[in-house]
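Add 1110 to a position in the sequence shown, counting from 1, and you land on the number used in our numbering.
Backbone N, C-alpha and C fix where the C-beta goes; we use that ideal spot for every residue, glycine too.
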Amino acid sequence: MNGNHRRPSRHQAVRQVAGGILRSVREHWAQAAFSLVAAFAIWFVIQDVENPRVSVTFPDEGQPPSIVVTAENAGPYIVRENYSVRVVAEGRADDLAALTPSDFEARVDVRGMQPGVEEFRQVRVTSRRPGVRVLQVIPSQVRITLVEPATRELPVTIRRSGQLPAGFREDESATTVEPAVVTITGLPERVQAVQSVDLDVNLSGVKDQAYVVTGELVARSATGTVETVTINPPRATATIRIGQAFIQRTLPVVADVAGAPAPGYRIAAITIDPPAVTVSGERAVVNELNALATEKIDVTGARTELRLVRSLVPVPNVSLERRTVTVTIRFDPIDVSATLTVAPELQNLPAGLARDPSRPLAVEVRVTGPADIVAALKPSDIKAVVSLAGATAGTAAYPVTVTGPSGLKLEAPAAVTVSLIQVLP
1111 MNGNHRRPSR HQAVRQVAGG ILRSVREHWA QAAFSLVAAF AIWFVIQDVE
1161 NPRVSVTFPD EGQPPSIVVT AENAGPYIVR ENYSVRVVAE GRADDLAALT
1211 PSDFEARVDV RGMQPGVEEF RQVRVTSRRP GVRVLQVIPS QVRITLVEPA
1261 TRELPVTIRR SGQLPAGFRE DESATTVEPA VVTITGLPER VQAVQSVDLD
1311 VNLSGVKDQA YVVTGELVAR SATGTVETVT INPPRATATI RIGQAFIQRT
1361 LPVVADVAGA PAPGYRIAAI TIDPPAVTVS GERAVVNELN ALATEKIDVT
1411 GARTELRLVR SLVPVPNVSL ERRTVTVTIR FDPIDVSATL TVAPELQNLP
1461 AGLARDPSRP LAVEVRVTGP ADIVAALKPS DIKAVVSLAG ATAGTAAYPV
1511 TVTGPSGLKL EAPAAVTVSL IQVLP
């Protein structure tokens, strides 16, 4: 290999290749242009075979004309009658099969016409769809009469449909609509026939506190027929205020007790099962309730436990989770106290001793218990015993024990003073 031979750099190689391509294009440009023209010609031939250009009447003869004619240059006037036309259009079959009225614009120039004077004017229709051409307008002329429009201002009315969910209610005093007033313009007889301008709102299932709806306004007659007029502005926004008309609360149950227990007894406890009941109703009514009451329960003369099923007193316009509860009333005796003086019994007196009769001996016993039992007690019902075991002559304190009927609480001194003297055998 010749050591003086150098390989070209990358940039040199790119320039060489690009130069070759340019020389080839210059030498064969005519052939390339011919190929491009031939390709387009073949494509157009294929299109004419597979998707040929045809003409159709739109809408079909069996359908009413639906391309609405708009008057231009009417100035302050409006057209008394609205007209629609049909067209014969040419285009590719695929395009024509998908035509809609919005693919065309139909206009009639009413420049120079006087109000109240009827004239025939030419209708011009242009296609908005590329590749579709209008060949004929049917009818080509329409009869035009201009009139001076009437104008009125009317408030916007919210026209509600559907039902709010149970327990919800609209606060109509807080509901707003913007704008509140609109202007309607149109043929005098139609403007005069408009009874209301409505914003239709469907409230089905709505629970939002502030439900916002924006929509087109509709002018309606007294019979509900939609009147064709121009509404300015054409849209409105309503804010519907919705709140819970019915609420639930859990309220305590209170027994309504009448009468007095048997003498010497009192009501010790009242239990209610269940102790609380859930209610539902209008918010204003339910919020005023503090508790639920049972029907009256008469405890006159009662001394033993009562277990009763009682109905709850109904509250107007309020629903109760349940209608009855079980009430249990327990009675306890009323405790009273009394003090009795009891002569004690001396036991275990040693031989040769005797109680000094000049010295009185008595034990005061405090008795606590049911009033009827305490009231019937006699001193003889209480027994006090003084044990003199190991006693000697003289005065000393000796333990005392007291007993009485069951159910009573007895309180007495732990000891009493007894004077003993010696006696001859």
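- By the Cβ test, the region 1293-1311 is in contact with the region 1337-1354, since at least three Cβ pairs between them sit closer than 8 Å.
- The way I'd put it, the region 1454-1461 does touch the region 1494-1502; three or more beta-carbon pairs between them come closer than 8 Å.
- Short of 7 Å from the beta carbon of Asp-1445, and not among the five residues preceding or following it, lie these beta carbons of its own chain, in chain order: Thr-1478, Gly-1479 and Pro-1480.
- DSSP places Leu-1256 within a strand segment (E or B) once states are collapsed to three.
- If one requires a minimum length of 4 residues, the alpha helix (DSSP H) runs lying completely within the region 1165-1246 are 1203-1207, in chain order.
- Secondary structure of Ser-1421 (DSSP, three-state): strand.
- Looking at the backbone, the Cα of Val-1526 and that of Ile-1483 are separated by about 27 Å.
- Relative to the Cα of Ser-1165, the nearest Cα in the group Asp-1204, Tyr-1187 and Gly-1172 belongs to Asp-1204.
- For secondary structure counted as the beta strand (DSSP E) over 3 or more consecutive residues, the region 1282-1351 holds these complete runs in sequence order: 1286-1288, 1291-1296, 1306-1312, 1320-1330 and 1340-1342.
- Here Pro-1371 is buried, its C-beta having at least 16 other C-beta atoms within 10 Å.
- In the three-state reduction of the DSSP assignment, Ala-1461 falls in the coil class.
- Ala-1368: member of the beta strand (DSSP E) spanning 1356-1368, first to last residue.
- For Arg-1393, the enclosing alpha helix (DSSP H) stretches over residues 1393-1396.
- Burial state of Ala-1348 is buried, judged by a 10 Å Cβ sphere holding 16 or more other Cβ atoms.
- The continuous stretches of beta strand (DSSP E) do not include Val-1484, which lies in the alpha helix (DSSP H) extending over residues 1481-1485.
- When DSSP reads this structure, Gln-1532 sits in a beta bridge with Leu-1463.
- Contact between the region 1262-1278 and the region 1311-1324 is present: three or more C-beta pairs spanning the two stretches fall below 8 Å.
- One thing to note: Ala-1346 has its Cβ no nearer than 8 Å to the Cβ of Lys-1406.
- It is roughly 8 Å from the alpha-carbon of Pro-1460 to the alpha-carbon of Thr-1502.
- Between the alpha carbons of Ala-1499 and Val-1533 lies a distance of about 17 Å.
- Going by beta carbons, Glu-1474 and Thr-1449 fall inside the 8 Å limit.
- Here the alpha carbons of Ala-1412 and Phe-1441 stand approximately 8 Å from one another.
- Nearest to Pro-1385 by alpha-carbon distance, out of Arg-1376, Thr-1360 and Tyr-1375, is Thr-1360.
- The distance from the Cβ of Pro-1225 to that of Leu-1256 is about 5 Å, consistent with a contact at the 8 Å cut-off.
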